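There are 2 protein chains.
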Amino acid sequence: MAARHAEPPILASASAVRARLLAAAGVPVEQIASGVNEDRVKAASGGLDHDALALALAEAKAAAVAAAHPGRLVLGADQLLVMDDRRFDKPRDLGEAAAHLTAFAGREHELVTAAVALRDGVVVWKRTERARLTVRSLTPAAVDAYLAAVGPAALASVGAYQLEGPGAQLFERVEGDFFTVLGLPLLALLEFLRGEGVPAWAC
Amino acid sequence: MAARHAEPPILASASAVRARLLAAAGVPVEQIASGVNEDRVKAASGGLDHDALALALAEAKAAAVAAAHPGRLVLGADQLLVMDDRRFDKPRDLGEAAAHLTAFAGREHELVTAAVALRDGVVVWKRTERARLTVRSLTPAAVDAYLAAVGPAALASVGAYQLEGPGAQLFERVEGDFFTVLGLPLLALLEFLRGEGVPAWAC
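Respectively, the protein sequence lines represent chains A and B.
The numbering used here applies: residue 1 is where the first sequence begins, and numbers increase by one.
The numbering used here applies: residue 204 is where the second sequence begins, and numbers increase by one.
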């Protein structure tokens, strides 16, 4: 089936982490940022539960890119952070990052990670997964020291942490798939892609 | 407490992955390979269960290095792969790697990861953790294709796979902490190190 995929899948995301996860597993992708306004999708999705919203955002991104690329397999992804049923959006500045981390300290939250594959406007695969993370007790000084050590990189992820970097210092416990924490339900996505003949050596 | 540690911890291991995990979390280490003959330790530890053996190996490595570095904090680590109570050692060649992966296919196995901290011959901290992995069904051809894609890098880890690389293609399911899979009970080790004042910004 490899011949169907002389062209690589398109990842409708600017995320370097997601592209790196796929490339490391042997799936190079073409990255095209979707330009989707996430706030608008969220505002229009008031009634959805968290998993459905994450899927809706992933699909909106994939659909925006797929429209201009007929026949191509387009992947979209999204990640939401939920604590006590409240969603936390990506912090806009370091002050907001500090407020979020202070809220997470000593408590559990969940990351809801969704991915969707689209071809010619049709959803051909989708998946959500959840991971549960416990942040250790953090004094305000510890939060400030962490943000000073990490700098603006803290603003790149929904939780203001990178578990694969200094963010590991913030956690007491991580339950669930690591790839889900990083932003893709990778093992399930790879299974789907193998069914599509990608990458040829793994099929 | 940071003043106690003008000198970084020593990692009694040649493992690039372990050094990278610690450095990413803000803990640079000095790496000194222990030169310990693991086969000899295993032969002398016939009666130990898997966790105790992994700890004994981690401690043997740390002790060998600590002897020459009085006063320094020395970290040792080890990882065992266990399936149906049978231990699988690191494959010696690609033929053995293929045999191991064929044995793992369609089944669950465990990684037992141990770490020990020593100072002046005294164990000041230790920990084992386990992760459970399910390898998908693999034909002999799929095993060969994987090993051809990965090459001799397959011989670098006890399971002949790197989950953070093409090895992700082999798995159906991974339960347990990702750092434990990579070779260190990292979150617990970081908690211990913070108690030792390392790194200063996280304490």
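Think of the CB as a built atom: it goes at the ideal place given N, C-alpha and C, for glycine as much as any other residue.
Model, not experiment: these values are computed from the prediction.
Nonlocal neighbours in the same chain, by C-beta distance under 6 Å from P166 of chain A, ignoring five residues either side
Excluding positions up to five away in sequence, the list reads A149 and V150.
Short Cβ contact (8 Å threshold) for L336 of chain B with L304 of chain B:
Not in contact: L336 of chain B and L304 of chain B (Cβ atoms no closer than 8 Å).
L163 of chain A and V181 of chain A closer than 8 Å at C-beta
Contact: yes.
When the Cα of L392 of chain B is compared with those of A:L190, A:Q169, A:F179 and A:D89, which residue comes out closest?
For the residues A:L190, A:Q169, A:F179 and A:D89, the minimum Cα distance to L392 of chain B belongs to A:Q169.
Which residues in the same chain have their Cβ closer than 8 Å to the Cβ of V230 of chain B, if we skip the five residues on either side of it in sequence?
If we look at V230 of chain B and ignore the five residues flanking it on each side, its Cβ neighbours are P211, P212, L393, L396, V401 and P402.
Taking Y146 of chain A as the query, report the chain B residues whose CB atoms sit under 8 Å from its CB, ordered along the chain.
Scanning chain B for C-beta atoms nearer than 8 Å to the C-beta of Y146 of chain A yields W404 and A405, reported in chain order.
Could you check whether the Cβ of E164 of chain A sits closer than 8 Å to any Cβ belonging to chain B?
Cβ-Cβ to chain B under 8 Å: yes for E164 of chain A.
Once the 5 residues before and after A300 of chain B are set aside, which same chain residues still bring their CB inside 8 Å of it?
Setting aside the 5 residues that flank it on each side, A300 of chain B is surrounded in the same chain by P294, L350, A357, L358 and A363, each with a C-beta closer than 8 Å to its C-beta; the list follows chain order.
Reduced DSSP secondary structure (H/G/I, E/B, other) of A14 of chain A:
The answer is coil: DSSP assigns A14 of chain A none of H, G, I, E or B.
Between D292 of chain B and A317 of chain B, is the Cβ-Cβ spacing less than 8 Å?
No, the pair does not count as a contact, with Cβ atoms beyond the cut-off.
Excluding five sequence neighbours on each side, which residues of the same chain lie with their C-beta closer than 8 Å to the C-beta of A67 of chain A?
Excluding residues within five positions, the ones whose Cβ falls inside 8 Å are G121.
For A217 of chain B and L225 of chain B, I'd like the C-alpha separation in whole angstroms.
Going by the C-alpha atoms only, they are around 13 Å apart.
In whole angstroms, what separates the C-alpha of A117 of chain A from that of L73 of chain A?
If I take the Cα positions, the gap works out to 7 Å.
Should D281 of chain B be flagged as near chain A, meaning a C-beta pair shorter than 8 Å?
Output row for D281 of chain B: interface = no.
I think V158 of chain A touches L80 of chain A, with their Cβ atoms under 8 Å apart; what is that distance to the nearest whole Å?
The beta-carbon distance between V158 of chain A and L80 of chain A, rounded to whole angstroms, is 7 Å. This is short enough to meet the 8 Å contact definition.
List, in order along the chain, the chain B residues whose C-beta lies closer than 8 Å to that of Q31 of chain A?
Under the 8 Å cutoff, chain B gives no residues; its nearest Cβ is about 19 Å from Q31 of chain A.
Quick one: which chain A residues come within Cβ less than 8 Å of E375 of chain B?
Chain-ordered, the chain A residues with CB closer than 8 Å to the CB of E375 of chain B read L187 and E191.
Counting C-beta neighbours from all protein chains within 10 Å, is the total for A60 of chain A 16 or more, i.e. buried, or is it exposed?
Under the 10 Å beta carbon count, A60 of chain A is surrounded by 16 or more other beta carbons and is classified as buried.
Nearest-angstrom beta carbon gap, A334 of chain B and E378 of chain B [assumed within contact, 8 Å]
In this structure, E378 of chain B and A334 of chain B form a Cβ contact; the two beta carbons are roughly 7 Å apart against a cut-off of 8 Å.
Under DSSP, the alpha helix (DSSP H) around L78 of chain A begins and ends at which residues?
The question names Leu, but residue 78 of chain A is Asp in the sequence shown. In this chain, D78 of chain A is not harboured by any alpha helix (DSSP H); it is covered by the beta strand (DSSP E) spanning L73 to M83.
Could you tell me whether any Cβ in chain A is nearer than 8 Å to the Cβ of G413 of chain B?
Given that chain B is displayed from residue 204 to residue 406, the structure contains no residue 413 of chain B and the question cannot be resolved.
Please identify the residue among A:A58, A:V29 and A:L48 whose C-alpha is closest to the C-alpha of V123 of chain A.
When only C-alpha atoms are compared, the closest one is A:A58.
Please list, in chain order, all residues of the same chain as A64 of chain A whose beta carbon is under 6 Å from its beta carbon, the five residues on each side excluded.
Cβ within range, chain order: S34 and V36.
Taking only the alpha-carbon atoms, compute the straight-line gap between A2 of chain A and V29 of chain A and give it to the nearest angstrom.
Its pLDDT being 43, under 50, A2 of chain A is placed unreliably in this model, and the coordinates cannot settle the point.
Where do the N-terminal and C-terminal ends of the alpha helix (DSSP H) with A43 of chain A fall, by residue?
The continuous alpha helix (DSSP H) containing A43 of chain A extends over residues E38 to A43.
CA-to-CA distance, G76 of chain A to R20 of chain A, given in whole angstroms
R20 of chain A and G76 of chain A: Cα-Cα distance of roughly 15 Å.
Under 8 Å between the Cβ atoms of E110 of chain A and P185 of chain A?
Not closer than 8 Å, so no.
Does the beta carbon of P212 of chain B come closer than 8 Å to any beta carbon on chain A?
No, P212 of chain B does not count as interfacial toward chain A.
Contact list for A371 of chain B against chain A, beta-carbon separation under 9 Å:
Within chain A, the residues near A371 of chain B are L21, A24, A25, G26, F179, L186, L187 and L190.
Just the Cα atoms here: how many angstroms apart are D84 of chain A and A141 of chain A?
Here the C-alpha atom of D84 of chain A lies approximately 25 Å from the C-alpha atom of A141 of chain A.
Rounded Cβ spacing between A348 of chain B and A202 of chain A (contact assumed at less than 8 Å)
Confirmed, about 7 Å.
Quick check: is the beta carbon of A131 of chain A nearer than 8 Å to any beta carbon in chain B?
False, the Cβ-Cβ gap to chain B never drops below 8 Å.
Distance CB(L187 of chain A)-CB(F382 of chain B) smaller than 8 Å
No.
In whole angstroms, what is the alpha-carbon distance linking L11 of chain A and A255 of chain B?
If you take the alpha carbons of L11 of chain A and A255 of chain B, they lie about 45 Å apart.
For A352 of chain B, go through chain A and note every residue whose CB falls closer than 7 Å to its CB, in chain order.
Those within 7 Å of A352 of chain B in chain A are G26 and W201.
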